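Everything on this sheet refers to the single structure shown next.
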Amino acid sequence: MRTNPTQQRSRETVSAALAAANAEFAEHGFHGAQMTRIARRAEVSVGALYRFFPDKQSLARALADDYREQVEQRYGEVLADVTTPEQLVPAVRRVVRVAGELQRHHPGYYRLTSDVTPSHDESWGHGVRGTLVDRFTRGLRLLGIDHPDGAQIIEFTIEVTRAVLATLPVDGSDRDQVLAELEEMVAVYLASRLALPSTEA
Numbered sequence: 005m006r007t008n009p010t011q012q013r014s015r016e017t018v019s020a021a022l023a024a025a026n027a028e029f030a031e032h033g034f035h036g037a038q039m040t041r042i043a044r045r046a047e048v049s050v051g052a053l054y055r056f057f058p059d060k061q062s063l064a065r066a067l068a069d070d071y072r073e074q075v076e077q078r079y080g081e082v083l084a085d086v087t088t089p090e091q092l093v094p095a096v097r098r099v100v101r102v103a104g105e106l107q108r109h110h111p112g113y114y115r116l117t118s119d120v121t122p123s124h125d126e127s128w129g130h131g132v133r134g135t136l137v138d139r140f141t142r143g144l145r146l147l148g149i150d151h152p153d154g155a156q157i158i159e160f161t162i163e164v165t166r167a168v169l170a171t172l173p174v175d176g177s178d179r180d181q182v183l184a185e186l187e188e189m190v191a192v193y194l195a196s197r198l199a200l201p202s203t204e205a
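Under our numbering, the first residue of the sequence shown carries the number 5, and numbering increases by one thereafter.
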């Protein structure tokens, strides 16, 4: 069990450790990451790192928890004003853009989901995907969209988006093009499967 920080200095140590782990996992993956390197990146002692994170698993879980909090907040902001089915596809386009922004800031989390995909219960992304599937499925019902395969459609959309982002460099000349194509693909797929208007954002 990791220790929760209660003082400002401890919170700063945890924040630095998570930022360092994000970079370390992005570069080396879970199995190649080293706690000593993470401590060095964070500019904290190895003992201080182990005080809050006894192993790489706890660091990976903390990264996933941090990502889940941010993705729920950011997606929630986009979806808050969606009150009709006609608004859904444009909103989903914006969600894909937000996902691209989040991936740029969370490359370590995305690398972790490549090491163990969210379809496995042991994956650090499993809980994130479950949360998002539940949220979007509830959203469909609230909009009066009752499709027998709604949850599977949402899950497929989320997984395709994650898989593309997991292999997308955080910089590069073709990044914007890939994100635009992903946005279009997701919008067309959802509009077709759920019989939604495919209005441009």
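Cβ atoms here follow ideal geometry from the backbone N, Cα and C, with glycine treated the same way.
Computed from a predicted model, the values in this text were never measured in an experiment.
Identify whether residue i lies in helix, strand or coil by the three-state DSSP scheme.
i, result
"T40", "helix"
"F140", "helix"
"A205", "Model confidence at A205 stands at a pLDDT of 45, short of 50, so the residue's coordinates are unreliable; what they give is reported in the following sentence. If DSSP states are grouped into helix, strand and coil, A205 belongs with coil."
"F57", "coil"
"I149", "coil"
"G1", "For residue 1 there is no data in the structure shown, the boundaries of the chain being 5 and 205."
"S19", "helix"
"L169", "helix"
Does the beta-carbon of residue i have 16 or more other beta-carbons within 10 angstroms, so that it is buried, or is it exposed?
i, result
"P152", "exposed"
"A84", "exposed"
Less than 8 Å between the CB atoms is what I'm expecting for residue i and residue j, so what's the real figure, rounded?
i, j, result
"A27", "G112", "6 Å"
"G154", "T141", "6 Å"
"R45", "A24", "4 Å"
"P76", "T135", "Here the sequence assigns Glu to residue 76, which means Pro is not the residue at that position. Contact flag correct, Cβ pair sits at about 7 Å."
Who are the Cβ neighbours of residue i in its own chain at under 6 Å, not counting the five residues just before and after it?
i, result
"V99", "Y79, V82"
"M189", "none"
"T17", "V48, A52"
Tell whether a beta-carbon distance below 8 Å holds between residue i and residue j.
i, j, result
"L116", "L67", "yes"
"W128", "A64", "yes"
"L106", "Q74", "yes"
By Cβ distance below 8 Å, which residues in the same chain neighbour residue i in space, the five residues on each side in sequence not counted?
i, result
"L194", "L92, V93, V96, I157, T161, L200"
Can you name, in chain order, every residue of its own chain whose Cβ lies under 7 Å from the Cβ of residue i, other than the five neighbours on each side?
i, result
"S49", "A43"
"P173", "R179"
"A205", "Residue placement at A205 is poorly supported in this model, since its pLDDT is 45, which falls under 50; the coordinates still yield a value, given next. Result list for A205: P94, R97, R98, in chain order."
"A20", "A46, E47, V48"
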